[in-house]
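Shown next, in structure tokens, is the structure this report addresses.
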Amino acid sequence: MKIGFIGLGNMGLPMALNLIKAGHSVIGFDLVQSQLDAFASAGGKVAASATAAAKELDVLITMLPASKHVEGLCLGDAGLLANADPKTLLIDCSTISPKVAQAVANVAKEKGFAMIDAPVSGGTAGAQAGTLTFMVGGDAQAVECARPVLEKMGKNIFHAGANGAGQTVKVCNNMLLGIQMLGTCEVLRLGIANGLDPKVLSDIMSKSSGRNWALELYNPCPGVMENVPASKGYAGGFGVDLMLKDMGLATENAQALETSVPLAQLAQQLYEAHSKAGNGQLDFSSVFKMKDTR
Ligand code: NAD
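Read the sequence shown against the numbering used here and you will find it ends at 296, with the numbers running on by one and no gaps.
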């Protein structure tokens with residue numbers, strides 16, 4: 003299969019490399035030269051632009067930061083939908099607003115494309131290992147066409163419903179993750195203030211009712227776990243600004259549907275304060291460093 007991949011960042015690059023490893027021909031594009039260099043050195047073909055990458059493909063995957071990037075790149079005369087072949091299956095793996103995902107998929111359908119939203123969970127480690135969970139929204143037929151490609155990058159592929167449903171599941175998941183991370187950091191700081199070893203505390207809670215993904219697999223306290231951003235100066239991983247975007251998606255969505263989400267609102271304020279203090283590009287587990295959250 004000939005696959006295009008646009009957005010070769012922390013997630014997109016390892017995902018694209020798994021497609022290359024599986025024997026696909028992958029042409030990619032990103033705005034950052036170092037990402038293109040890493041992609042090329044692993045056997046990827048670098049395109050001169052996003053639209054140049056979109057020509058004569060079986061599948062075109064986008065993995066971009068936020069709604070505005072997906073809208074900006076897909077729509078308009080210079081956009082991907084105006085330049086790709088309508089036989090190309092479009093898969094957007096970015097985490098964006100469900101409404102924007104629906105709107106872009108509607109324009110795609112009008113132009114004759116099949117398009118699905120397929121945001122992911124599992125972090126950069128899951129992207130590297132090819133064990134991501136995909137939450138997919140779109141027509142069943144398009145989802146089945148995408149499945150063999152998604153299976154090269156992930157272990158669990160769930161069809162959540164119509165276009166936008168994958169993004170709605172992702173919004174719910176990340177709202178919980180964002181809240182859980184803040185709670186986990188709070189608890190670890192309290193344990194340390196009491197003189198506990200954070201590793202001992204984490205080990206015990208991981209076998210008790212406080213267990214959760216942030217604690218067990220992505221521990222935010224430096225030195226507790228190897229190979230997580232907390233033990234690498236909070237570099238790489240899932241940026242604070244991306245988590246802030248996701249908390250915004252959750253609270254906007256809840257507001258539009260008049261659903262009460264006070265914990266998500268508080269979490270959004272805390273990630274915002276942490277970002278404004280200059281930590282936007284660090285991994286979101288760096289909220290562990292927030293000293294005063296009052
Ligand atoms: P990232 O910022 O590392 O990567 C995004 C890439 O998109 C960047 O390299 C950027 O240069 C590129 N880009 C932006 N506009 C572009 C354009 N017009 N043309 C080409 N490239 C462009 O972000 P990430 O961590 O890889 O996350 C990507 C998406 O996946 C986000 O929506 C994020 O919320 C979601 N996500 C991230 C994680 C994670 O752990 N990092 C986990 C699950 C989901």
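Note that the Cβ used here is the ideal one computed from N, Cα and C, for glycine as well.
Just so we're clear, the structure is a prediction, and the values are computed from it rather than from any experiment.
Item	Value
Is it true that the region 174–191 meets the region 40–51, where meeting means three or more beta-carbon pairs spaced less than 8 Å apart?	no
Rounded to whole angstroms, what's the CA-CA distance from Leu-19 to Leu-268? Just pull it up for me.	37 Å
Quick one: grab the DSSP three-state call for Phe-115.	coil
What are the residues that DSSP puts in a beta bridge with Lys-4?	Ser-27
Measuring CA to CA, which of Val-138, Lys-23, Leu-203, Gly-74 is closest to Ile-8?	Gly-74
Check each candidate in Gly-25, Pro-100, Ala-80 and name the one with the smallest Cα separation from Leu-251.	Pro-100
Considering only the alpha carbon of each residue, which of Asp-32, Pro-222, Asp-39 lies closest to Pro-67?	Asp-32
Let me know the beta strand (DSSP E) ranges lying completely inside the region 7–89, each 3 residues or longer, listed in chain order.	27–31, 61–64
Should Ala-269 be flagged as near chain D, meaning a C-beta pair shorter than 7 Å?	In summary, chain D is missing from the structure at hand, where a single protein chain is found.
Between Gly-163, Ser-43, Gly-128, Lys-47, which has its C-alpha nearest Gln-104's C-alpha?	Gly-163
If you measure from the CB of Pro-67, is any heavy atom of the ligand NAD nearer than 6 Å?	yes
Give the DSSP-derived three-state secondary structure of Leu-198 in the structure shown.	coil
With Ala-162 as the anchor, note down where its beta strand (DSSP E) starts and where it stops.	156–163
So if DSSP puts Asp-285 in a beta bridge, which residue, or which two residues, is it bridged to?	Gly-241
At the level of alpha carbons, what is the spacing between Pro-231 and Ala-237?	6 Å
Which class does Thr-97 belong to by DSSP, given the choice of helix, strand or coil?	coil
Cβ-heavy atom distance between Gly-14 and the ligand ADP below 6 Å?	Here the bound small molecules are the ligand NAD; the ligand ADP is not part of this structure.
What residue range is occupied by the uninterrupted beta strand (DSSP E) comprising Thr-126?	Premise fails: Thr-126 lies in the alpha helix (DSSP H), 125–131, not in any beta strand (DSSP E).
Which class does Val-263 belong to by DSSP, given the choice of helix, strand or coil?	coil
Note down the Cα distance separating Ile-29 from Gly-193, rounded to an integer number of angstroms.	49 Å
Measure the beta-carbon distance from Ile-5 to Leu-15 and round it to whole angstroms, keeping in mind my assumption that it falls under 8 Å.	With a Cβ gap of about 14 Å, Ile-5 and Leu-15 do not count as contacting.
Looking only at C-alpha atoms, which of Cys-95, Thr-97, Leu-62 sits nearest to Asn-85?	Leu-62
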